[in-house]
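Under UniProt numbering, the first residue of the sequence shown carries the number 1, and numbering increases by one thereafter.
The structure appears below as C-alpha cells.
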Amino acid sequence: MAETPLMSQYREIKSQYTDSILLFRLGDFYEMFFDDAVTASKELGLTLTSRNREKDLDIPLAGVPYHSVASYIAKLVAKGYKVAICDQVEDPKSAKGIVKREVTRIITPGTVIDTDFLDEKSNNYLMGIKITDEYVALAYIDITTGEFKASEIYGKESFFKLLGEINKVAPKEILLDEASYDRYIEEFKKHNSLSEIKFTKTVERKKADSYLKDYFKVISLESYGLKDKKGAIKASAMVLEYVVELQKGKELPITSLSYINSEKVMELNITTQRNLDIVDNYRERNSAGTLLWVLDECMTSMGSRLLKKFLKNPLLDVEKIKKRQEDVGYFIENVLLREEIREKLKDIYDIERILGKLILETENGRDLIALKKSIKNSLEIYKLLKGNSLFEIDIKVLVEIYNIIEKAIVDEPPFSIREGGVIRSGYNADLDELHGISKDGKDYILEIENRERERTGIKGLKIKYNKVFGYFIEVTKVNSALVPEDYIRKQTLANAERYIVADLKEYEEKVLNAKERIETLEYHLFKELTAEIKKYREDLQNLAYKVAYLDVITDFSHIAIKNSYVRPDVDDGGDIEIIAGRHPVIEKLIPVGEFVKNNIVFDDKREIIILTGPNMSGKSTYMKQTALIIIMAHIGSYVPANYAKIGLVDKIFTRVGASDDLLTGQSTFMLEMSEVANIVNSATKKSFIILDEIGRGTSTFDGISIATAITEYIHEKIGAKTIFATHYHELTQLEDKLEKSENFRIEVKEDENEIIFLREIVKGGADKSYGIEVARLAGLPKEILERSKAILKRLEERKEIVEKNLGGEQLLLFGNIASQNKECSKKETPKIGELTKEQKIVMRVLDEIEPEKLTPLEALLKLNELKKILNGS
Ligand code: ADP
Ligand code: MG
C-alpha cells in the first residue's frame, strides 16, 4: 500500500537518525512514530495511539504539545536517550505540497542546553576519552557555560586514575573513539559507579590539531598548554566536534580550552572520593552528610559549582593555598563587610549560564534583567571592596552593559521574546510609532463603542475581541430590536448577537497590523541587543569567575566562624600535626559539644599509626577526620581543630574494608586486592593512607596477614603517612617490628556488662579484641556469643599456622614489584621446564580460575586445594 508523502518524509529523515528518538513537528505537536513512540510512551507515560488505522497501516504514534516539549526532552535525555528535534523549516502557509522539515537540534545527556532542566549547582559535562597503551587522554565540555578542559594520564594505574577523574568531573555522557570503545567498554560497564553515564562510540578526527586551531582561530595551541599533548588534542577535538555537530553549526559559548596538569592537584582516586564522602554521598545519592554539605553555604550557584571544583582538586602549591587563606582571613576580620557582600551576592544570578544562553540563543528578556541586576550588585560589591585585588572587574564595561539593558528592556519582560512587550518605549522611534498606531486604533475603537451606544441607545453594547472574529460589537438578545440596519451579523449566541460595522474593521486592521509589526520589530531589536552584549563575553566570563571566587571565599570565612575553625599552617614539609581535631561532618550530626576532640601527629619518627579499638569506638571517624582536615587545608579553607600544621600531601588513599562492593561488581576480595595494588603502586612519601579494617572481606586470619604485609611494605618501601585501624589487637605487635610505627588505641571503659566509649585516643595498643563484646552490646543471644568466642580462638590458632606458612609471600598477591619478587623467592623454586607434576596441575588449575567470579570463601577453598595438591596430600 502506498505511503502518505508525510510518512515518506518521516522515514527519510528518521533513516539519518536511527540512534535517536525523533520528535517530528506536526502542527502544534511533536510526534513520535514506530519504536520511538513505544519507547516514549513507556518512558514519558504518554498514551500510545496509532495513525492510519483505517488504512490498515497501524503505525504506533505518541505526541507531546510543542509548547511543553522541553520538559519531555529533558526527561528522555535524563534517561540516557539521544533526542533529535525535527522542525518545520518553512511557513506552512507558503509551502507548496508538504512542509519542508529538518532536524534542527540533537540533544544527548551531555549536551543539554535547556538550563531550566539542569541542576544549577552542578555542571553538565560531556567527556571524551581516548585510551592507548601510551596514555589516557580526556577532555570535557560544559556547553551551558563554555568550560572546556583537557588532561592526560600516564604511567601505572592509569585506568584507575581515569576512574578517579571521571568521578571528579561526573560527566553525564562519555564519548569513546572506536578503538577505545571496543577495547574498554566492558571494563567501564563493570563499574556500578558509572552506570548512570551514557557511553557513546564516536569516530575520531584525523586532523585534531588543525580542527582545534580552525575552531579557535589561533595559529598554535601552545597558549592553551597543549603543546606536544597529542592525546589531549585528540580527545578535545573529539568532544568539540561532537558538540558542534549536534548543535548543527550554531554558535557555542566555548571560547578557549585549557590543559589541566593533574600533577598540580592532589590525587584523590575514585575510592577515596567515595569513602570520604567529599562531594556526594554515594549511599544516599545526594550531598547530605558530605564535606560539601558542611561547607556549601554559597550565595550563588556559580559559587557552589566552584566550591565543588575546589573540593575535587585540592591545591599542591603552598603559595596559592596561602593566598586563599589570606582572602578568607580578610573576611573573617571584616565581619560587617562580609555580611554586606553576602547579602549582595544573594541577588547575583547565574551570569555564567545566562551568557551561555545568550550565545546559544536560548535567552529571553528575563535573562537580561537578571544579568542587569547581577551587574548592579557586582558594581556595588566592587564599591564596598574598593582597592581589593580580590575583585578586579572592568567596571567601565559593566556599566556599559548595564546601560544597554537598562535603556532597552522593560523591568518585567514576558517569558517569550516573540510576542512583544520586551522593549521599553523611547528606545526605538519606529517601535514607538507602531505603538502609537496601535494605541490610536484602540482608542478609536473605544470611541466607536461610545458612539454606537449613543446612536442605538443600547446601554449594554460592548466591543469585544477574540481570535476568530477580531473586534466585534456584542448586543444582548433583549436589545436585538434596537440594532441598526448597517450592522452585519457574525454570530448568534444563546443570549447575545455579535456584529461588525465597517469602520470597526478598518481600525481593527490597523491595530492588528501594528501588533504584528511590533512583535517582529521587538524580536529584531532584542536580538540586536543580545548580539551587542555577546561582544563582552570575556568580561562577563571574568565577572562570573570573580563572583564565584568571592562567593566561595566569603563562604569559607562564614563557615569558619560559624563552626569555629582555625587557619592551618600549610607548608612543604612532611609533618602533620592536628591538635583537638574534629570530624567536620560527624560533629554536625550529633548534639553540639558532644564530639570528642583528638590529636594526631606525624613526623619523621612516626609514619604509621596502628589504631586499635572496639567496633563503634570511633576509629573510622578519626581517620576520616584527618583526611578531611588535610583536604580542607589544601583548598584554602580553615579546619575544625584548635591548631593544625599540614605538610603538603600529594595523594590520599583509603581502603575501607567494608563488606559492600558499592563501586564495582567485583567480589570484595578482588576489589580489596586491586585497590591495595593501586595504593602500593601509586603512593609516595608525601601521601596519606587510611587502611580501615583491611582484610575484612576475607576471613580473620587471612585479613590479618594481608594487613600485616601491606603495612610492612608501606613502612619499608614507601614511607607514606598511614593510619591503620583494626579491631584485631594482634596487629599491635607490628609496633615492635616497624621502627616508625606506633600504637594508639581508643579508650573504652569496661565494667561488668558494658563498654563505655570514651572516644579518646591514647598511646598504646588494645590488649584484646572487642568485636565480640560489641556483639553482646548489640543484644545478640548468649549461645551465639559463646560460639563466636570458640571460632575466634580457632581462627587465632590457624592464623599462626598460616603466618608461618605464608610468610612474606603474601606480598605477591598485590605487587608486581621486581625487588619484592626477589625477596620473596628465598625458597628454591625450580626453573620453568623443570616443573613437577603437582606444580603443573596447579598451574593448569590456576589458569582456569576466574578470580572475579569467586567469592572470598571459594577463593580460600581453592587456595587450600592448590596447597594440598602441591604438598601431595
Ligand atoms: P569504628 O570505626 O571504630 O567502628 P566509627 O568511627 O564508625 O567507629 O564511629 C562510630 C560512631 O561513634 C560514629 O558514627 C559517631 O557517631 C561516634 N563517634 C565517633 N568518633 C566520635 C568522637 N570523637 N566524638 C563523638 N562521637 C564519635
Ligand atoms: Mg570503622
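Heads up, the beta-carbon is just placed ideally off N, CA and C, and yes, glycines get one too.
Annotation for K624 indicates a beta carbon at 7 Å or more from all heavy atoms of the ligand MG.
Closest by C-alpha distance to K308, out of I278, E245, L336, is I278. Going by C-alpha positions, T18 is about 20 Å away from Q88. Residue pairing by DSSP leaves E380 without any beta bridge partner. For E102, the closest C-alpha among the options Y545, A560, E90, T111 is that of E90. Non-local beta-carbon contacts of E43 in its own chain, meaning distances under 8 Å to residues more than five positions away in sequence, involve K75, L76, K79, Y81 in chain order.
Taking C-beta atoms as the reference points, I690 and I710 fail to come closer than 8 Å.
Taken atom to atom, the span from the alpha-carbon of S258 to that of I233 is near 11 Å. Relative to the non-hydrogen atoms of the ligand MG, the Cβ of D692 comes within a distance shorter than 7 Å of at least one.
D443 counts as exposed, since fewer than 16 other C-beta atoms from the protein chains shown sit within 10 angstroms of its C-beta. Contact annotation: the stretch 332-352 does not touch the stretch 153-163, with fewer than three C-beta pairs closer than 8 Å. Look at K229 here: in three-state DSSP terms it is coil, with no helix or strand label. Scanning its chain for C-beta atoms nearer than 8 Å, with the 5 sequence neighbours on each side dropped, one finds around K605 the residues K740, in chain order. Non-local beta-carbon contacts of E339 in its own chain, meaning distances under 8 Å to residues more than five positions away in sequence, are absent. Comparing alpha carbon positions, the residue from V203, E485, L118 closest to K172 is L118. The three-state reading of DSSP puts L738 in coil, since its state is none of H, G, I, E or B. Sorting N642, P614, R567 by C-alpha distance to the C-alpha of N598 places N642 at the top. Neighbourhood of the ligand ADP, defined by CB distance below 5 Å to any of its heavy atoms: F595, V596, N615, M616, S617, G618, K619, S620, T621, R759, in chain order. When the Cα atoms are used, L276 and T115 turn out to be separated by approximately 30 Å. For F29, the three-state secondary structure derived from DSSP is strand.
Apart from the 5 residues on each side of it in sequence, G470 sits with its Cβ closer than 6 Å to the Cβ of E508 in its chain, given in chain order. Excluding residues up to 5 positions away in sequence, G128, A150, A235, S236, V239 lie with their Cβ nearer than 6 Å to the Cβ of A139 in the same chain. Sorting S301, I500, D280, T4 by C-alpha distance to the C-alpha of W293 places D280 at the top. Judged by their CB atoms, I646 and A633 are nearer to each other than the 8 Å cut-off. Look at Y499 here: in three-state DSSP terms it is strand. Annotation: M616 is outside any beta strand (DSSP E) and is labelled neither H nor E by DSSP. For the beta strand (DSSP E) assignment, the uninterrupted runs of no fewer than 3 residues enclosed by the stretch 178-265 are, from N- to C-terminal side, 198-202. With distances taken between CA atoms, L493 lies nearest to S480 out of L504, K868, S480, A170.
Cβ-Cβ distances below 8 Å link S416 to N364 in the same chain, with the five nearest sequence neighbours on each side left out; the list follows chain order.
Taking 8 Å as the upper bound for CB-CB distance, E532 and I354 are not in contact here, some 15 Å apart. In this structure the stretch 200-216 touches the stretch 177-186; the number of beta carbon pairs closer than 8 Å is three or more.
The C-alpha of I869 is placed about 8 Å away from the C-alpha of I841. Take the alpha-carbon of V410 and the one of G426: they are about 11 Å apart.
For A720, the secondary structure class from DSSP, reduced to helix, strand or coil, is coil. Closest option to Y523, judged by alpha-carbon separation, among T362, Y565, N269, Y536: T362.
Burial of P109 is indicated by the presence of at least 16 other C-beta atoms within 10 angstroms of its C-beta.
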